[in-house]
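Everything on this sheet refers to the single structure shown next.
Residue numbers (the numbering used here): 1 to 34.
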């Protein structure tokens, strides 16, 4: 945290990397997270 890192959960990090919710990749990852 002191170096500027943001602590987050894995699900949030995956969704941030995917950027858009309407893609096939997002749907696949979303199904895995559920």
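For every residue, glycine included, the Cβ atom is placed at its ideal position computed from N, Cα and C.
Presumed contact (8 Å Cβ cut-off) between residue i and residue j, rounded CB distance
| i | j | result |
| --- | --- | --- |
| residue 33 | residue 16 | Wrong, their Cβ atoms sit about 13 Å apart, outside the cutoff. |
Same chain only: Cβ atoms within 6 Å of residue i, ignoring 5 sequence neighbours per side
| i | result |
| --- | --- |
| residue 26 | 18 |
Cβ of residue i within 8 Å of any chain C Cβ
| i | result |
| --- | --- |
| residue 11 | Here there is only one protein chain, and chain C is not present. |
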